[in-house]
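Peer 1: Structure incoming, see below.
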Amino acid sequence: MRFGFSVFKSIKVFRITSFCKQDIGYCIRSRWYTTNAAEPEESASKTAKKERVKFKRLDGSMDTSTSSYQQRSEYSKTLEENHNKFISLARSGGGEKAMQRHTQVNKKLFVRDRLRLLLDEYCDNTFLEIGTLAGFGMPYGDIPCASTVIGVGKIHGTWCAISANDGTVKGGTMYPIGVKKQLRCQEIGLHNRLPCVYVVDSGGAFLPLQADIFADKEHGGKTFANEAIFSALKIPQIAIVCGSCTAGGAYVPTMCDEAVIVDKIGTIFLGGPPLVRAATGEKVSAEDLGGATLHCKVSGCTDHFAANEEEAFDVGRDIVASLNADLPSEPESWLEPLYSTNELPGIDPATPGSMKKIIARLTDGSRFHEFKTLYGPTLVTGMAFIKGHLVGIVGNDGALTANAATKGAHFVELCCHRQIPIIFLQNLPPEGSITDIGDGESMGDVIRARSKMMTAVACAKVPKITVIVGDSFGPSNFAMCGRAFSPRFLFMWPSARIGISSQEESQFGGVELDSDETLELDSKTGERFKRQVSALYSSGRLWDDGIILPQHTRQVLGMCLSITSQHGQEEHTKFGVFRM
Ligand code: COA
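Numbering-wise (my numbering), the sequence shown opens with residue -13 and increments by one.
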């Protein structure tokens, strides 16, 4: 993924307002950016307000000439190259032949070109793509992008959850991972109260795997139920039909509040022409059976007739403009970190003390109002701004001891009371023996304290965003807002690992290597663990929302915070019983 800073393309003014003695060395104390040169006063007054916030600066300095920094940077570069290869593979769809059929024979636009027409701007800085690598390494093969592109992008300034089938991957049919991805898109829409836009071009269920797609609670039918429930919650549901909507797929547009269909290429029917012929002997064209004219003039299944795809996306955008929807809060100015985000790939999160170096490269001005610095120091907690948004940060710098977890629970409570989003930076080493985890702490202390933190995190209604920057081994993953604790978004760095325990622990823990057979068995288990704990394995299964490069983390967090700000917060946190 590329995250340059093209987001600042439109910046017209850049000004350095003042210097002060203590800032020399970093130079800029209060630079501000504005996208609107006509309103300098408003921008300046907001800047002045922000200037009153003077959190302390973190010391993020480090020696980048050391061999350990250089080695880590090299390692990260290799991972980045590998990651980029997978991303471009996923984004190129179902291959050359399928692309040819889709664009030349069927005369349809490729899904990424459709996104270009639909969104205000389509690039990595403006479209938060989710689960790009989902579908890789499935037991049934590699399914590029799980045949559906999902993400959050802006239409007329409003963040919308977008789901768009890729018709080049087996006719856009739904595999089990595709259904999971579609439901994840809807969940993002629900959690953040975003209008949902479905760009439909799908042959429905991938029939050879129908048993894993159709009948269960979290299978295909859930999509349709969600559309009705979300609509009742006043979360708009919009469909743009620019391909097939067959069988169950027919209900994606018809369950929507409003639907557009493209002449000649959009069709909606329960069974296609071959099925009709087999059942009744009647020969009928797809267009006559369920095309745009029929559904706009006769059946009323769709509301807007579009002569071509360009028109359909224009109409789709007009529908969003007519929603009277919320707009995100967009801070007009912020300080960049004093330390370069490009140094993040050189930091090994496993090195004690690295968490504050990471935070110093993520927060505005590298400023951080730390909470309980001396207590439970293996958990770093504090307030900061990221791209102008006030956040609470909870990051691991070692094992989650009893004191660290107690502090974490307290800090999460503070954020909930003050309605501040929380960023969790997971960095949980393999625990080894739980009894020697904290100084003088018993296993009971640790379990009780972690339960407390889990209660706080699970019940917290403020937006929660998790980034796994290092390892995430063992049940501390839950207290640090793992997937099961419903963060609004969860991303992993390419080097991150996730599992019950590390390969080393699982391979040798408690096993006596006393025979060749055991050795062989053990090495197979080790290999399997190594594969299964990797970020790629996790992302392929959609255990996370994607792999992001360390140097893009600040940019991604900024987008997530803007998205979560759109609806604001209505729900207040009610905590369960804390284990004391
Ligand atoms: N299950 C499994 N595979 C399917 C499929 C389905 N429902 N629908 C299409 N495919 C496969 C085709 O076999 C073909 O595979 P191949 O590339 O290995 O040859 C590939 O998807 C593309 O299909 P094709 O018909 O060649 O492409 P197209 O773009 O011209 O048409 C559809 C796409 C989806 C419109 C068309 O294939 C179709 O109508 N399929 C049947 C849909 C259906 O009946 N679904 C009911 C499911 S509930």
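Yeah, the Cβ is synthetic: ideal placement off N, Cα and C, and Gly gets one too.
What number of angstroms, rounded off, separates the C-alpha of G378 from the C-alpha of G164?
Peer 2: The straight-line gap from Cα to Cα measures roughly 34 Å.
Peer 1: With burial defined as no fewer than 16 other Cβ atoms inside 10 Å of the residue's Cβ, what is the status of L180: buried or exposed?
Peer 2: Buried.
Peer 1: Does the ligand COA have a heavy atom nearer than 7 Å to the CB of R87?
Peer 2: For the ligand COA, at least one heavy atom lies less than 7 Å from the Cβ of R87.
Peer 1: Which residues mark the beginning and the end of the beta strand (DSSP E) in which D383 is found?
Peer 2: Run containing D383: none; DSSP gives neither H nor E here.
Peer 1: In the structure shown, what three-state DSSP assignment does F561 receive?
Peer 2: Note: F561 maps to coil in three-state DSSP.
Peer 1: May I ask you to report which of helix, strand or coil DSSP gives N413?
Peer 2: Reduced to three states, the DSSP call for N413 is strand.
Peer 1: Indicate the three-state DSSP secondary structure (helix, strand or coil) for K342 in the structure shown.
Peer 2: Three-state DSSP puts K342 in a helix.
Peer 1: Quick one: what's D457 bridged to in DSSP?
Peer 2: Note: D457 sits in a beta bridge opposite R483.
Peer 1: Around the Cβ of V284, are there at least 16 other Cβ atoms within 10 angstroms (buried) or fewer (exposed)?
Peer 2: Looking at its Cβ environment, which holds fewer than 16 other Cβ atoms inside 10 Å, V284 is exposed.
Peer 1: In the structure shown, what three-state DSSP assignment does R263 receive?
Peer 2: Note: R263 maps to helix in three-state DSSP.
Peer 1: Looking at the structure shown, is M(-13) part of a helix, part of a strand, or coil, going by DSSP?
Peer 2: For M(-13), the pLDDT reaches just 33, beneath the cut-off of 50, and the residue's location in the model is therefore unreliable, although a value from the coordinates is still provided. In this structure, M(-13) counts as coil in the three-state DSSP scheme.
Peer 1: Since L324 sits in a beta bridge, which residues does DSSP pair it with?
Peer 2: BP columns for L324 are empty, so no partner.
Peer 1: Just to confirm, does L275 get its C-beta within under 7 Å of one of the non-hydrogen atoms of the ligand COA?
Peer 2: Not under cutoff, so the answer is no.
Peer 1: Starting from L275, trace the alpha helix (DSSP H) in both directions and tell me its first and last residue.
Peer 2: From DSSP, the alpha helix (DSSP H) with L275 extends over A272 to G276.
Peer 1: Is S352 near the ligand COA - that is, is its Cβ less than 7 Å away from at least one heavy atom of it?
Peer 2: S352 Cβ: outside cutoff for every heavy atom of the ligand COA.
Peer 1: According to DSSP, simplified to helix, strand and coil, what is H375?
Peer 2: In the structure shown, H375 sits in a strand (DSSP, three-state: E or B).
Peer 1: Check Q555 in the structure and name its three-state DSSP category.
Peer 2: Coil.
Peer 1: Just to confirm, does G153 get its C-beta within under 7 Å of one of the non-hydrogen atoms of the ligand COA?
Peer 2: Yes; taking the cut-off as 7 Å, the Cβ of G153 has a heavy atom of the ligand COA nearer than that.
Peer 1: If I measure Cβ to Cβ from Y108 and keep anything under 8 Å in the same chain, skipping five residues before and after, which residues do I get?
Peer 2: Cβ neighbours of Y108 beyond the five flanking positions: R98, L101, R102 and G139.
Peer 1: Use the C-beta contact count for T127: other C-beta atoms within 10 angstroms, 16 or more gives buried, fewer gives exposed.
Peer 2: Correcting the residue identity first, residue 127 is Gly in this sequence and not Thr. Burial call: exposed.
Peer 1: Using a Cβ-Cβ cutoff of less than 6 Å, which residues in the same chain neighbour F410 once the five nearest sequence positions on both sides are dropped?
Peer 2: Within the same chain, F410 has close Cβ partners V380, T452, M466 and C467.
Peer 1: Three-state secondary structure (DSSP) at V91?
Peer 2: Helix at V91.
Peer 1: Flag G189 as yes when its Cβ comes closer than 7 Å to any non-hydrogen atom of the ligand COA, and as no otherwise.
Peer 2: Correct: G189 has its Cβ closer than 7 Å to the ligand COA.
Peer 1: Can you tell me whether Q223 is buried or exposed, with buried defined as 16 or more other CB within 10 angstroms of its CB?
Peer 2: The residue in question, Q223, is buried, as its Cβ has 16 or more Cβ neighbours within 10 Å.
Peer 1: If you reduce the DSSP assignment to three classes, tell me which class S78 lands in.
Peer 2: In this structure, S78 counts as coil in the three-state DSSP scheme.
Peer 1: Where does M466 sit, in a helix, a strand or coil, going by DSSP?
Peer 2: In this structure, M466 counts as coil in the three-state DSSP scheme.
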